[in-house]
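**Q**
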Amino acid sequence: MTDAIFPSLELQDLLRCAEDAARAAGSHAFEQRHRRKEVVRATAHDVKLRLDLECQAIAENVIRSRFANHSIFGEESGGKADANAAVLWIIDPIDGTVNFHHGLPLWCCSVAALSGGKPIVGVVFAPELQECYTACRGGKALCNGKPISVSETRRIQDAIVATGIDRKTRDLSESTRFLKNLAIRVQRPRIMGSAALDICNVASGRADGYYESGIYLWDAAAGSVIVDRAGGRSEILWRGDDLQIAFLATNGHIHDELRQVVLSTQ
Ligand code: IPD
Ligand code: CA
378 MTDAIFPSLE LQDLLRCAED AARAAGSHAF EQRHRRKEVV RATAHDVKLR
428 LDLECQAIAE NVIRSRFANH SIFGEESGGK ADANAAVLWI IDPIDGTVNF
478 HHGLPLWCCS VAALSGGKPI VGVVFAPELQ ECYTACRGGK ALCNGKPISV
528 SETRRIQDAI VATGIDRKTR DLSESTRFLK NLAIRVQRPR IMGSAALDIC
578 NVASGRADGY YESGIYLWDA AAGSVIVDRA GGRSEILWRG DDLQIAFLAT
628 NGHIHDELRQ VVLSTQ
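This is the structure in structure tokens:
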């Protein structure tokens with residue numbers, strides 16, 4: 378598919394920039410991982426690290442040096458994203474911050490470009506896994522340059538489905554109710570702690586589905602392009618203030634059934 382607003386050449390420029398930004402930020406976090414305990418702020422279920430801030434600045438600088446007139450918004454930005462921007466870059470400098478903070482290797486840097494509110498380019502770079510997922514509208518989803526595709530799992534009872542537990546509230550009733558409903562229906566539920574990597578696991582066929590409520594657009598924007606271009610399906614089921622969303626991604630085959638599990642929980 379070619380794109381009227383973004384011909385494939387320009388999409389490739391955006392994709393290259395997204396990859397360079399994600400690799401620069403992710404590599405910085407990896408090289409500086411001995412500083413993973415430098416906490417700027419902590420809440421009951423979350424931490425904000427000095428490296429989160431540094432990595433966002435690094436990714437932003439890469440983007441700004443090539444596309445000075447584009448808008449950029451990241452997890453560490455504060456304020457509001459410019460929804461009307463012709464191109465809006467969305468950055469999650471370290472997705473899976475709590476994993477990173479503890480030394481678990483499941484974390485990544487996620488960079489997406491949106492046009493008209495829709496993600497058109499996505500890159501997820503996981504330095505410790507040595508995996509870089511890339512995709513753009515109309516192109517193939519790749520991991521380390523090789524094509525990936527979603528699983529063939531057709532029945533939800535044979536599926537692995539990843540999810541997450543709301544980190545913002547002490548009232549975990551919605552997350553735990555969903556987890557219970559999910560565990561009854563699927564072969565195994567998983568909570569791995571990085572939404573972007575969960576979505577890439579669906580894209581590469583290692584998992585069959587992912588659902589989480591209360592995440593943010595920066596957690597899922599890049600992953601959504603990657604899973605869609607890997608032959609899967611993704612959708613935002615709910616939007617709140619400040620880019621908060623409920624997000625569903627699957628291999629396509631189990632999509633409607635998994636959506637039903639979500640809806641029956643609410
Ligand atoms: C978090 C991770 C986690 C998800 C949380 C996210 P962060 O992002 O993606 O898997 O359960 O909702 O906030 O804070 O590590 O960038
Ligand atoms: Ca995140």
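Its first residue numbered 378, the sequence shown is counted upward by one per residue in the numbering used here. Where is the CB? At the ideal position from N, CA and C, for every residue including glycine.
Considering Cα atoms alone, identify which of R565, L392, H479, G608 is closest to A489.
**A** The shortest C-alpha separation from A489 is found at L392.
**Q** Check each candidate in D472, A512, R583, T553 and name the one with the smallest Cα separation from D423.
**A** Ranking the options by Cα distance to D423, first place goes to D472.
**Q** Run the CB neighbour count on E431, radius 10 Å, all protein chains shown included, and call it buried at 16 or more, exposed below.
**A** Label assigned to E431: buried.
**Q** Would you check whether ligand 1 has a heavy atom nearer than 7 Å to the C-beta of D585?
**A** Result no, Cβ not under 7 Å from ligand 1.
**Q** Write down the C-beta distance between R606 and K517 rounded to the nearest angstrom, noting that I regard them as a contact closer than 8 Å.
**A** 6 Å between Cβ atoms; contact.
**Q** With C-beta atoms as the reference, is V527 less than 8 Å away from G582?
**A** Taking 8 Å as the Cβ cut-off, V527 and G582 qualify as a contacting pair.
**Q** Does the beta-carbon of E505, which I'm using as the reference point, lie nearer than 7 Å to any heavy atom of ligand 1?
**A** No; taking the cut-off as 7 Å, the Cβ of E505 has no heavy atom of ligand 1 nearer than that.
**Q** Going by CA-CA distance only, name the one from N578, K425, V604 that's closest to G515.
**A** Measuring from the Cα of G515, the nearest candidate turns out to be V604.
**Q** Going straight from the alpha carbon of D535 to that of I561, what length do you get?
**A** Looking at the two C-alpha atoms, the distance is approximately 12 Å.
**Q** Closer than 6 Å by C-beta to R531: which residues in its own chain qualify, once you throw out the five before and the five after it? Chain order, please.
**A** Excluding sequence neighbours, R531 sits near H630.
**Q** Is any non-hydrogen atom of ligand 1 found closer than 7 Å to the C-beta of S571, if you look at the structure I gave you?
**A** Yes, the Cβ of S571 comes within 7 Å of a heavy atom of ligand 1.
**Q** Check the DSSP bridge columns for P524 and list the partner residues they point to.
**A** Its beta-bridge partners are L519.
**Q** Terminal residues of the continuous alpha helix (DSSP H) containing A512?
**A** That residue, A512, is in no alpha helix (DSSP H); its beta strand (DSSP E) goes 508 to 513.
**Q** In angstroms, rounded to a whole number, what distance separates the CA positions of V638 and S571?
**A** Taking the straight line joining both Cα atoms gives about 21 Å.
**Q** Given the structure, does W595 come close to ligand 2, in the sense that its CB is under 7 Å from one of the ligand's heavy atoms?
**A** Because some heavy atom of ligand 2 lies under 7 Å away, the Cβ of W595 counts as near it: yes.
**Q** Should Q433 go down as buried or exposed, given a rule of 16 or more other Cβ atoms within 10 Å for buried?
**A** That one is buried.
**Q** What I want to know is whether the C-beta of E453 ends up closer than 7 Å to one or more non-hydrogen atoms of ligand 2.
**A** False, no ligand heavy atom lies under 7 Å from that Cβ.
**Q** Taking 7 Å as the cut-off, is the beta-carbon of D472 closer than that to any non-hydrogen atom of ligand 2?
**A** D472 Cβ: within cutoff of ligand 2.
**Q** Give the range of the beta strand (DSSP E) segment to which W615 is assigned.
**A** Taken as a continuous stretch (DSSP letters only), the beta strand (DSSP E) holding W615 covers 610 to 616.
**Q** Are there three or more Cβ pairs, one per stretch, closer than 8 Å when the segment 394 to 407 is compared with the segment 463 to 480?
**A** In short, these stretches touch, since the Cβ pair count reaches three.
**Q** Is it true that the CB of T540 sits closer than 8 Å to the CB of Y588?
**A** Yes, the pair counts as a contact, with Cβ atoms nearer than the cut-off.
**Q** Quick check: the Cα distance between A458 and R427, rounded to an integer number of angstroms?
**A** If you take the alpha carbons of A458 and R427, they lie about 22 Å apart.
**Q** Determine the direct distance from the alpha carbon of S492 to that of A599, and round the result to whole angstroms.
**A** Roughly 13 Å separates the two Cα atoms.
**Q** Which residues bound the alpha helix (DSSP H) around A431?
**A** For the sequence presented, residue 431 should be read as Glu rather than Ala. Run containing E431: 427 to 443, per the alpha helix (DSSP H) assignment.
**Q** Find out if the Cβ-Cβ distance for the pair G591, P504 is shorter than 8 Å.
**A** Taking 8 Å as the Cβ cut-off, G591 and P504 do not qualify as a contacting pair.
**Q** Can you give me the Cβ contacts of E452 inside the same chain, cut-off strictly under 6 Å, excluding the 5 residues immediately before and after it?
**A** Closer than 6 Å at the Cβ level, and outside the excluded window around E452, lie D469, W595.
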